[in-house]
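Please read the structure below before turning to the comments.
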Amino acid sequence: QKEVEQDPGPLSVPEGAIVSLNCTYSNSAFQYFMWYRQYSRKGPELLMYTYSSGNKEDGRFTAQVDKSSKYISLFIRDSQPSDSATYLCAMRALIQGAQKLVFGQGTRLTINP
Amino acid sequence: NAGVTQTPKFRVLKTGQSMTLLCAQDMNHEYMYWYRQDPGMGLRLIHYSVGEGTTAKGEVPDGYNVSRLKKQNFLLGLESAAPSQTSVYFCATNRGLFIGEQYFGPGTRLTVT
Chain A
360 QKEVEQDPGP LSVPEGAIVS LNCTYSNSAF QYFMWYRQYS RKGPELLMYT YSSGNKEDGR
420 FTAQVDKSSK YISLFIRDSQ PSDSATYLCA MRALIQGAQK LVFGQGTRLT INP
Chain B
10 NAGVTQTPKF RVLKTGQSMT LLCAQDMNHE YMYWYRQDPG MGLRLIHYSV GEGTTAKGEV
70 PDGYNVSRLK KQNFLLGLES AAPSQTSVYF CATNRGLFIG EQYFGPGTRL TVT
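Note that the protein sequences, when read in sequence, are chains A and B. The first sequence begins at 360 in our numbering and counts up by one. The second sequence begins at 10 in our numbering and counts up by one.
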């Protein structure tokens with residue numbers, strides 16, 4: 360079983376829709392949760408990260424963490440064609456003094472005009 | 010500032026050939042990483058470095074070697090390429106305080122025939 364599971368999609372929605380992207384994890388040592396966006400044939404770029412359970416908002420993006428269920432989500436409001444990309448979740452744990460970062464497989468998202 | 014650059018962008022190798030991928034950064038970051046990205050597998054860590062002159066193995070190090078002779082450069086070598094090493098390779102950096110905030114290069118697409 361992978362430590363981080365992410366539905367690869369693809370996910371296709373009309374412009375203006377609310378998008379929900381999700382990841383589940385099995386390792387309770389994960390403390391920080393990140394979302395990266397990767398445009399086609401580009402490197403990933405960090406969108407946002409959270410630490411505690413609850414919601415964190417940044418413009419049209421909201422990251423949600425539920426540590427009790429080991430489940431994180433990224434919501435995109437008023438989705439735009441420019442949001443079309445692959446979204447990767449990532450999680451960080453501190454194990455014996457060393458940081459460990461694990462990425463999900465990525466979800467490919469297409470926003471249709 | 011160029012950020013993180015990778016050379017070359019594309020390469021086709023025959024089985025058994027060798028090559029070196031170069032990653033350069035101008036952000037003065039201590040930590041540098043090499044990942045490979047394959048469909049359905051997400052990003053997997055090959056090797057990393059926590060500073061000039063240091064290297065360490067990641068999740069999938071077999072068949073690769075690395076060197077960090079200068080702080081700004083991180084080299085990834087394939088001594089005898091195999092078709093299983095066909096992938097997109099990404100270099101990433103971060104200051105080291107929080108490894109979740111990584112800065113990625115544009116990637117190198119490698120095909121081994």
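Here a beta-carbon is modelled for each residue, glycine too, at the ideal position from N, C-alpha and C. Predicted model only: the values in this text are computed from it and were never measured.
Residue i versus residue j - alpha carbon distance
| i | j | result |
| --- | --- | --- |
| A/SER387 | B/VAL97 | 30 Å |
| A/THR383 | A/LEU447 | 12 Å |
| A/LYS459 | B/LYS23 | 34 Å |
| A/PRO403 | A/ILE431 | 19 Å |
| A/LEU453 | B/PHE113 | 22 Å |
| B/PHE121 | B/GLN94 | According to the sequence displayed, residue 121 of chain B carries Val and not Phe. B/VAL121 and B/GLN94: Cα-Cα distance of roughly 7 Å. |
| B/CYS99 | B/THR117 | The sequence given here has Phe at residue 99 of chain B, not Cys. Roughly 7 Å separates the two Cα atoms. |
| A/ASP417 | A/ARG467 | 21 Å |
| A/VAL372 | B/MET50 | 24 Å |
| A/GLU364 | B/GLU68 | 17 Å |
| B/THR16 | A/ALA449 | 26 Å |
| B/VAL13 | B/PHE83 | 11 Å |
| A/ALA444 | A/ASN471 | 12 Å |
Assigned exposure category for residue i - 16 Cβ within 10 Å defines buried
| i | result |
| --- | --- |
| A/GLN455 | exposed |
| A/SER377 | It is worth fixing the name first, because residue 377 of chain A is Ile in this sequence and not Ser. Classification of A/ILE377: exposed, given that the 10 Å Cβ count is below 16. |
| A/SER379 | exposed |
| B/ASN103 | buried |
| A/ALA457 | exposed |
| A/TYR398 | exposed |
| A/GLY465 | buried |
| B/LEU78 | exposed |
Nearest neighbour of residue i, chosen from the options [CA to CA]
| i | options | result |
| --- | --- | --- |
| A/GLN360 | A/THR469, A/GLY463, A/ALA422, A/PRO472 | A/GLY463 |
| B/GLN26 | B/ALA91, B/LYS18, B/ALA101, B/PHE19 | B/ALA91 |
| B/CYS32 | B/LYS18, B/GLU88, B/THR24 | B/LYS18 |
| B/GLY86 | B/GLN34, B/LYS80, B/HIS56 | B/HIS56 |
| A/VAL461 | B/ARG45, B/THR14, B/GLN15 | B/ARG45 |
| A/ASP366 | B/PRO115, B/LEU30, B/PRO48, B/GLN15 | B/PRO48 |
| B/LYS80 | B/GLY51, B/SER93, B/VAL21, B/MET36 | B/MET36 |
| A/LEU433 | A/ALA422, A/GLY368, A/GLY465 | A/ALA422 |
| B/GLY72 | B/THR29, B/GLY60, B/LEU78 | B/THR29 |
| B/ALA101 | B/SER58, B/ARG20, B/VAL21 | B/SER58 |
Enclosing beta strand (DSSP E) for residue i [first to last residue]
| i | result |
| --- | --- |
| A/LEU460 | 457-462 |
| A/ILE377 | A/ILE377 -> no beta strand (DSSP E), and no H or E assigned at all. |
| B/GLN15 | 13-16 |
| A/VAL363 | 363-365 |
| A/TYR410 | Run containing A/TYR410: none; DSSP gives neither H nor E here. |
| A/ILE435 | 430-435 |
| B/MET28 | 28-34 |
| B/THR78 | As written in the sequence, residue 78 of chain B is Leu, which differs from the Thr given in the question. Per DSSP, B/LEU78 belongs to no beta strand (DSSP E) and is neither H nor E. |
| B/SER96 | 96-103 |
C-beta neighbour in chain C for residue i, strict 8 Å
| i | result |
| --- | --- |
| A/ARG396 | Here chain C cannot be found, since the structure's protein chains are A and B. |
(message) Can you confirm whether the stretch 36-48 of chain B touches the stretch 108-116 of chain B when touching is taken to mean that 3 or more C-beta pairs between the two stretches lie within less than 8 Å?
(response) Under the three-pair Cβ rule at 8 Å, the stretch 108-116 of chain B counts as touching the stretch 36-48 of chain B.
(message) Under 8 Å, with one C-beta from each stretch per pair, do the stretch 63-73 of chain B and the stretch 434-441 of chain A reach the 3-pair mark?
(response) Counting Cβ pairs under 8 Å, fewer than three are found: no touch.
(message) Within 8 Å, do at least three Cβ pairs link the stretch 378-393 of chain A to the stretch 402-420 of chain A?
(response) Touching, yes, given that three or more Cβ pairs across the two stretches are closer than 8 Å.
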